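Participant: Structure incoming, see below.
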Amino acid sequence: MPKIVDREARRQEVADAVFRVAARDGLENASLRKVADEAGLAIGSVRHYFTGHGELMTFAMEELARRIEHRVRGHADRILSPGARAGDRRAGMTELLAEFLPLDAARQEEATLWLAFTTAARTRPELRPRLDASHEGMHALLVRVLSEARRAGGLTEDADFDIEALRLAALLDGLTLQAVLRPGDVTPEAMRRVLTRHLDSLRHSG
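Residue numbers are given in my numbering: position 203 of the sequence shown equals residue 508, and the series is strictly consecutive.
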């Protein structure tokens, strides 16, 4: 009797192989053949699940984004639920935003991979829609979090949500880039201090 293969599970396994090759050798070296070898598959098997290299890269980027967003959404659901207490919301907001930062080995690898994909999206149009969707989703989430913070008394009444969300995204992106490029200098503790100081400035401004 032929072995039944879960198509989606196999596609995720191939995406994991992309991540390993990209982390070790760079995304530009994640060819179909290298990814197939990494996954322990024949290249024809990879082509059975993906029509070509472009589809494989797009799926891998979407899978990486899905994993990050799933983790962040867990925090968002807790702090934005109607029954959450104000103190829990304030602490939860910091932890939610910290999920975007490379504060441990797993998130450091995710951040390195995400930066590789976003850089590649500049010249690979098939990756651009996923990048745009992630930026739009992050902006919407930050606006929602900031709006809830003001409702709970943790943000000044005259705060411009769109501008503050853009400023916060720039802070998170900048810290992430610095931590990937200079992990020995930009430590998790330093990133947390910068994030906390920025959030304090939003509460105390004006």
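Glycine included, each C-beta is placed from N, C-alpha and C at the ideal position.
Bear in mind that the values here come from a model prediction, so they are computed numbers and not experimental data.
Grouping DSSP H, G and I as helix and E and B as strand, with all else coil, what is Val-491?
Facilitator: Locating residue 491 in the sequence shown gives position 186, counting from the first residue. Correct three-state label for Val-491: coil.
Participant: Counting only the same chain and skipping the five closest in sequence on each side, list residues whose C-beta sits under 8 Å from that of Arg-372.
Facilitator: Indexing the sequence shown from 1 puts residue 372 at position 67. Closer than 8 Å at the Cβ level, and outside the excluded window around Arg-372, lie Glu-415.
Participant: From what residue to what residue does the alpha helix (DSSP H) around Asp-271 run?
Facilitator: No information on residue 271 is available, as it lies outside the stretch 306 to 511 that the chain covers here.
Participant: Tell me the DSSP secondary structure of Ala-403 in three-state form.
Facilitator: Looking up residue 403 in the sequence shown gives position 98. In this structure, Ala-403 counts as helix in the three-state DSSP scheme.
Participant: Where does Arg-429 sit, in a helix, a strand or coil, going by DSSP?
Facilitator: Position 124 of the sequence shown, counted from the start, is the residue given in the question as residue 429. Looking at Arg-429 - three-state DSSP - the assignment turns out to be coil, as it is neither helix nor strand.
Participant: Where does Leu-408 sit, in a helix, a strand or coil, going by DSSP?
Facilitator: Position 103 of the sequence shown, counted from the first residue, corresponds to residue 408. In this structure, Leu-408 counts as coil in the three-state DSSP scheme.
Participant: Closest by CA to Ser-336, which one among Arg-329, Val-323, Ala-328 and Ala-347?
Facilitator: The sequence position of residue 336 within the sequence shown is 31, counting from 1. When only C-alpha atoms are compared, the closest one is Val-323.
Participant: Is it buried or exposed, Thr-363, if we count other Cβ atoms within 10 angstroms and call 16 or more buried?
Facilitator: Here residue 363 refers to the residue found at position 58 when the sequence shown is read from its first residue. Flag for Thr-363 reads buried.
Participant: Between the region 336 to 354 and the region 400 to 414, do at least 3 Cβ pairs fall closer than 8 Å?
Facilitator: At 8 Å Cβ cutoff, the stretches do not touch.
Participant: Looking at the secondary structure, which residues open and close the alpha helix (DSSP H) in which Phe-355 lies?
Facilitator: Taking the first residue of the sequence shown as position 1, residue 355 is located at position 50. Careful: Phe-355 lies outside any alpha helix (DSSP H) and carries neither H nor E.
Participant: Find the nearest neighbour of Ser-452 within the set Leu-436, Ala-438, Glu-469 and Ser-439, judged by alpha-carbon distance.
Facilitator: Position 147 of the sequence shown, counted from the start, is the residue given in the question as residue 452. Checked all of Leu-436, Ala-438, Glu-469 and Ser-439; the closest Cα to Ser-452 is Glu-469.
Participant: Going along the chain, which residues of its own chain have a beta-carbon closer than 7 Å to the beta-carbon of Ile-522, five neighbours each way excluded?
Facilitator: The question about residue 522 has no answer here: the residues shown for the chain are numbered 306 through 511.
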